[in-house]
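Q: The following block contains the structure, expressed as structure tokens.
There are 2 protein chains.
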Amino acid sequence: MLERFGIQPTQQRIDIAHLLFQRPQHLSADQVLAQVNAAYGHVSKATVYNTLGLFVRHGLINEVLIEPDRTLYDSNTADHHHVYNMDTGELSDIPAGRLAIQGDLGLPEGTEIEGMEVVVRVRSRAAHSADR
Amino acid sequence: MLERFGIQPTQQRIDIAHLLFQRPQHLSADQVLAQVNAAYGHVSKATVYNTLGLFVRHGLINEVLIEPDRTLYDSNTADHHHVYNMDTGELSDIPAGRLAIQGDLGLPEGTEIEGMEVVVRVRSRAAHSADR
DNA sequence: AAGATGGTCTAGACTGAGTCTAAGTCGCAT
DNA sequence: ATGCGACTTAGACTCAGTCTAGACCATCTT
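And the structure:
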């Protein structure tokens, strides 16, 4: 699989890919580091970051910038959108087919579209903290 | 204006609000810090962060989580979407009225919608780096 | 066999956005 | 005057992510 995406397979990359693709999921670099080290051999922090970046550049996984202070990596590369629960931190998917987006993007001159994503932010209904 | 939003006006808060609302714009906390200190009296880093957070909680401005390693603050609170140029870092707006989104969000039980935003990522047409 | 080459991995130092803390200031009520 | 609560501040601190310099390892050369 790695070879199909033009990536030299190494033990560390195989371990990380194995973890990521056991099921579609959203993981932070830290979680990948911890879980790889728990389930497979030891992999260094630098290698985890390098490998995740490599996978992103080669299209095996997607970066998701939703949480305020860390990047998540999404092993589902099918076109889809996200629902983010701001109270629990839970992140779930909306298949692209379920939403239709129409209209004039009015893209700036000389640019071409790279991706389009909808983020729906929700709160747990109980948590209506009267913010001060 | 601050009072209308339930915020005690202080000199620092007035300065920061003044900077933010001179025109609709996207600024990082660092930029706010630098520009306030250049144009008005000295304000500390902690106060800038506290004040921006306060403004967000009270709905004067919005957080925008698009850049990988810093938070932007958007002084345009009208409902709108964003176009992000991944090459230049430039961020521009799409008025909500220009896009129509239809479909079944399938929100998880017990949650209510807080906001919905579309992010369109674009690249400058020249920059097609053959990634390795 | 003995380098030489190039890609990968690693520990640990480093950076920088954002948070925290403990002390200081200010306005206001008693 | 004194006390109190709200705000601000400098600087220490945290932690995700990057960088660096060296180690490792397979393949190629001679």
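For the protein sequence lines, the chains are V and R, in the order given.
Numbering that gives the first Met the number 0 puts the first residue of the first sequence at 0, with every later residue one more than the last.
Numbering that gives the first Met the number 0 puts the first residue of the second sequence at 0, with every later residue one more than the last.
Ideal placement from N, C-alpha and C gives every residue a C-beta, glycine not left out.
Predicted, not measured: the structure shown is a model, and the values here were computed from it.
Among R:R56, R:N75, R:T50 and R:I6, which one has its Cα closest to the Cα of R:P23?
A: That would be R:N75, whose Cα lies nearest to the Cα of R:P23.
Q: Let's test the definition: count the other Cβ atoms within 10 Å of the Cβ of V:D146 and tell me whether it reaches 16, buried, or not, exposed.
A: Because chain V here runs from 0 to 131, residue 146 of chain V falls outside it and cannot be looked at.
Q: Candidates V:E116, V:L26 and V:H17: which alpha carbon is nearest V:D78's?
A: Checked all of V:E116, V:L26 and V:H17; the closest Cα to V:D78 is V:E116.
Q: In chain V, what lies closer than 8 Å to R:M85 by C-beta?
A: Simply E113.
Q: Taking just the CA atoms, how far does R:L106 sit from V:D130?
A: Confidence at V:D130 is low in this model, with a pLDDT of 40, below 50, so its placement is unreliable and no value can be given for it.
Q: Work out the CA separation of R:I60 and R:F4 for me, nearest whole Å.
A: In a straight line, the C-alpha of R:F4 is about 11 Å away from that of R:I60.
Q: Opposite V:D73 in the DSSP bridges: which residues?
A: DSSP, once it has assigned bridges, lists V:H25 and V:N61 as partnering V:D73.
Q: Would you please verify whether the beta carbon of V:D78 is less than 7 Å from any beta carbon of chain R?
A: Chain R contact via Cβ: absent.
Q: Quick one: measure Cβ to Cβ for R:L90 and R:S27, integer angstroms, because I've assumed they're closer than 8 Å.
A: Not really, about 11 Å apart at Cβ, beyond 8 Å.
Q: Comparing alpha-carbon positions, which option in R:H25, R:D14 and R:V47 lies nearest R:Y83?
A: It is R:H25 whose Cα lies nearest to the Cα of R:Y83.
Q: Could you tell me the distance, in whole angstroms, from the CA atom of V:A37 to the CA atom of V:T46?
A: Rounded to whole angstroms, V:A37 to V:T46 spans 16 Å at the Cα level.
Q: Can you tell me whether V:A33 is buried or exposed, with buried defined as 16 or more other CB within 10 angstroms of its CB?
A: It counts as exposed.
Q: Looking at R:E111: is its Cβ nearer than 7 Å to the Cβ of V:R124?
A: Yes, they are a contact pair.
Q: Does the beta carbon of V:Q7 sit closer than 7 Å to a beta carbon anywhere in chain R?
A: No, V:Q7 does not count as interfacial toward chain R.
Q: V:A45 touches chain R at which residues, Cβ-Cβ below 9 Å?
A: Result: empty, since nearest Cβ-Cβ is about 17 Å, beyond 9 Å.
Q: What are the uninterrupted segments assigned as beta strand (DSSP E) that are 3 or more residues long and contained completely in the segment 76 to 124 of chain R, given in chain order?
A: Those beta strand (DSSP E) runs which fall completely within the segment 76 to 124 of chain R and span 3+ residues are 79 to 84, 90 to 94, 98 to 102 and 110 to 123.
Q: If you draw a straight line from the C-alpha of V:R12 to the C-alpha of V:V42, how long is it?
A: Each residue's Cα considered, the two are about 9 Å apart.
Q: So with Cβ pairs under 7 Å, would you call V:R122 a contact of chain R?
A: Yes - at least one Cβ of chain R is within 7 Å of the one on V:R122.
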